[in-house]
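See below for the structure under consideration.
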Amino acid sequence: MSFHQFKCLHVYFNGIQSALWLRLLLWIWIGEQVDQVYSSHQNFHPHSIKIPGDITLGGLFPIHSRGPHGVNCGELKKEKGIHRMEAMLYALDQINSDPELLPNITLGARVLDTCSRDTYALEQSLTFVQALIQKDTSDIRCTNGEPPIIRKPERVVAVIGASASSVSIMVANILRLFEIPQVSYASTAPELSDNNRYDFFSRVVPPDSYQAQAMLDIVKALGWNYVSTLASEGNYGESGVEAFMQISREAGGVCIAQSVKIPREPTAGEFDKIIKRLMETSNARGVIIFANEDDIRRVLEAAQRANLTGHFLFVGSDSWGAKSSPITELEDVAEGAVTILPKRASIDGDERIGQDSSYEQEGKVQFVIDAVYAVAHALHNMHQDLCPGSHGVCSNMDPVEGRLLLDYIRAVNFNGSAGTSVLFNENGDAPGRYDIFQFQMTNHSHPGYHVIGQWTNNLRLNLEEMQWSGGDRSVPESICSFPCKPGERKKMVKGVPCCWHCELCDGYQYQLDEFTCETCPLDKRPAPNRTACRPTPIIKLEWNSLWALVPASIAMLGILTTIAVVITFIRFNDTPIVRASGRELSYVLLTGIFIIYLITFLMIAEPGVVVCALRRLLLGLGMAITYSSMLTKTNRIYRIFEQGKKSVTPPKFISPTSQLLITFILISVQVFGVFVWFAVIPPHTIIDYEELRPPNPDLARGILKCDMSDMSIICCLSYSIVLMVTCTVYAVKSRGVPETFNEAKPIGFTMYTTCIVWLAFVPIFFGTAQSTEKMFIQTATLTISMSLSASVSLGMLYMPKVYVIIFHPEQNVQKRKRSFKVLFAVVVFAQSSHDQRSDHWMSNGCPDVTCTDGHLCSNTVLVMDKLWLAQKSSNKTSHSDQGGLSS
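At the far end of the sequence shown sits residue 890, using the numbering used here, and the numbering has no gaps.
This is the structure in structure tokens:
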């Protein structure tokens, strides 16, 4: 069978629809060629094709797959082998028939089968350099004694191929030694761009570094930041993944969860282990795969066995491209896979004759043709420069110098079979131009691979055209960590910049940026979503609050009662009971009680400078006035009875004027302290944000109040407390005075009760838990305690008197007059011999005593115990202003 006949049958596929017929015809033709070569006494080259020509090009194609252990070659490869080889033969035919390109020069070929194995390809490629090896034949003689005639093999000026990067790398190391240019149509390993190691290597396909960049751009466009990589062992897979990882590290934003390598000789169950390992980081659904067709298929099969259909989102390299063989009967697993392929176009011609033919052109056919044409254009340009006006190969091109031809190859620039320019950079790489495909099953118009974008130094991706498992058009996620919610910060996982833990900005923190929580200023609290700060509400005690109504009601009742007592005393100012109570000190004491009630309204009123000043002034002043008056009274009684034990001379400073003077001196201490406080710290309002700042910021409040802390309130009341305690001490000391004689005991009871009230106040005031109502509770506690102490004083000291004045006026009359000196003598006597004198007074009655100032003296001065009551005398004489010892 002639080559022309084979070409007609095979290249154009005239009616042949079966791979079986294709294989039979190929082997028939190869058998004929082998027989012809053998019969011509040429070296025998298995798995090779020779086409004679003026200039011979070498070709390396994976006609067969890798054989089992111990066998070089396996099954025939229809697409990657036969299609690509036929593309070279087709290109040669087109060039040889083109009168404009290499006129009068015929290109021949020596095509070798690599069997998809780099070591076998290296062995085969020695054929290309045989013509360049000088052989010493001086010792060889024919049988007739004549030297032999050595027919050298054809000289190969350039090699088209190989397919796999590992094969190209192995062959390139040999070809560069003999300066034979090499142009690959499918090898994309980035390391082949090293112009120092592979200086005679060029390729019409872009390197994987471009492909890796395109795949990274796809990953970013889909919003993924956490993916795994899967590579077949060898230069192509490992170099492609390494390029992807390197670019992703430099660009940032994408992290590698797993980087898995498929062994060259995988064992049983190896792919199931790979799927299991990928599932260790199940969030990394995106899988970047640089693998050969067989490995891709077995990965899909393992995913199907693991019932993970639809889980993995594959992004395949050009080895997957738009091929149907890796996904046949595995379409449901491969659905949604995004693949990449150098930009190409189908070659027009008669290669598809039958309407029902299942022929599908292999993806690298275009690049095989472009590689052949690149060498042809280089030879054409070289011929024009070296052989001007010459027809055929001139002496300047016999032989063709490899390094010079390389320079011409690197300088070509022409439109290739896809209509795009074919050119090389300084490293012999073609520019990156890719079509982006997605395998879609739910596209009912024509399911299969669909172009969804292009990449030419930048990505153009049509997301609206993409479909995923089940026809879903929303892009699935492949991320390590989900975005944090508002108010949460990212706490990065060490060593994995795409992974983080979300931590809530707690307490009074808000989210400043995605990595930082910042504490809000003191006057602010976090917004509900914790993305900003908002002003803290300011509160004050309102009049309609229960915490204000109760104290105000008590204080108002106390004020009305105090006013009623004062009015009663003024109305009956000259009656014996009023005069005997010591009118001067009584009015002072009632003023203090009134102020104590009044302070409640100042504590409830909205803070202001005036209100704050009045709070400072009156808070301690009312109690100071009240307890100064009581202290003066009890001190006077105590001194009178103590003096009576020693002599009959009355003690000093017991007159009303002296009592008032002592009282005002005691009050002035409080007033002086307050004015010093005014001078040091002028009164003003503050907003306290610290007091009500609980763990829950929603409960935080700013308190509008006067600049009076809890301790300053206690300090303000401390002097009054000292007066109260001192008064209580004198009341205790005066407890031995007969109860019918004086007011010492009512004052004592008042002090005892007041102490109990204030002892209860302290734990309530300082023990209030931190809450929004703390200020209200403290204010209510303080005001009610003060109102209660004032009410105790008012009730025990004055209500009995008012009761007698109003309801028993017959008891508010004068009976007898007694001299104060006699009165004091009686007091002295009664104090010294109380029990004996009581019997005497009981049997003989009380003597009449006239006071020196003309006022009436009370018989209670003379009768100091309950025996006087036994007389049931209705004569209750009044006390004079001067002689009111009970005061």
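Quick reminder that beta carbons are idealized off the backbone N, C-alpha and C, glycines included.
- Contiguous alpha helix (DSSP H) elements confined to the region 236-274 occur at 238-254, taking only those with 4 or more residues.
- If you ignore the 5 residues before and after Lys543, its C-beta comes within less than 8 angstroms of the C-beta of Glu609, Pro610, Ile706, Leu707 and Lys708, all in its own chain and listed in chain order.
- Following the DSSP letters along the chain, one finds Gln364 in no alpha helix (DSSP H), marked with neither H nor E.
- Taken through DSSP and simplified to helix, strand or coil, Ile143 comes out as coil.
- Across the set Thr270, Met400, Leu195 and Lys276, the C-alpha of Met400 shows the shortest separation from the C-alpha of Asp57.
- By the 16-neighbour rule on beta-carbons within 10 angstroms, Pro486 is exposed.
- Close CB contacts of Leu333 within its chain, under the 6 angstroms cut and outside five residues either way in sequence, are with Leu303 (chain order).
- Put simply, the backbone Cα of Leu593 is about 41 angstroms away from that of Pro540.
- Membership of Tyr692 in any alpha helix (DSSP H) is not indicated, and neither H nor E is assigned to it by DSSP.
- Judged by their CB atoms, Ile599 and Ser790 are nearer to each other than the 9 angstroms cut-off.
- Pro71 is a Cβ neighbour of Gly77, given a cutoff of 9 angstroms.
- For Met282, there are no CB contacts under 6 angstroms within the same chain when 5 residues up- and downstream are skipped.
- Excluding the 5 residues flanking it on each side, Phe768 has same chain C-beta neighbours closer than 6 angstroms at Gln781 and Thr784, in chain order.
- Just measuring C-alpha positions, the residue of Phe604, Gly319, Met218 and Ala530 sitting nearest Glu338 is Gly319.
- CA-CA distance, Ile566 to Met633, rounds to 19 angstroms.
- At the C-beta level, Gly243 and Ala161 stay beyond 9 angstroms of one another.
- Looking at the backbone, the Cα of Asp710 and that of Leu726 are separated by about 25 angstroms.
- Boundaries around Ala112 are those of the beta strand (DSSP E), Leu110 to Asp116, since no alpha helix (DSSP H) includes it.
- Cβ-Cβ distances below 8 angstroms link Ala535 to Tyr513 and Pro529 in the same chain, with the five nearest sequence neighbours on each side left out; the list follows chain order.
- The Cβ atoms of Asp275 and Trp458 lie no closer than 9 angstroms to each other.
- Here Gln369 is buried: its Cβ has 16 or more other Cβ atoms, across all protein chains shown, within 10 Å.
- Cβ atoms of Gly164 and Tyr201 stay farther apart than 8 angstroms, at about 14 angstroms.
- Rounded to whole angstroms, the Cβ separation of Ser190 and Ala167 is 7 angstroms, and the two are in contact under 8 angstroms.
- Val159 sits away from Val186, with the two beta carbons spaced by 9 angstroms or more.
- The three-state secondary structure of Asp438, taken from DSSP, is strand.
- Around the CB of Ala287, 16 or more other CB atoms lie within 10 Å, so the residue is classed as buried.
- In the DSSP assignment, Ser205 falls within the unbroken beta strand (DSSP E) covering Phe204 to Arg206.
- For Arg413, the uninterrupted alpha helix (DSSP H) segment begins and ends at Gly405 to Arg413.
- For Val396, the secondary structure class from DSSP, reduced to helix, strand or coil, is coil.
- A direct Cα-to-Cα measurement between Ser477 and Ala217 gives close to 21 angstroms.
- Per DSSP, the beta-bridge partners of Thr59 are Gly111 and Val159.
- As the crow flies, the alpha-carbon of Pro266 is around 18 angstroms from that of Trp323.
- If you ignore the 5 residues before and after Ser51, its C-beta comes within less than 6 angstroms of the C-beta of Leu115, all in its own chain and listed in chain order.
- The beta carbon of Val454 lies closer than 8 angstroms to those of Asp438, Ile439 and Phe440 in the same chain, with the five residues before and after it left out.
- Judged by DSSP secondary structure, Pro654 falls outside any alpha helix (DSSP H); it is assigned neither H nor E.
- Counting other Cβ atoms within 10 Å of its Cβ, Ile557 reaches 16 or more and is therefore classed as buried.
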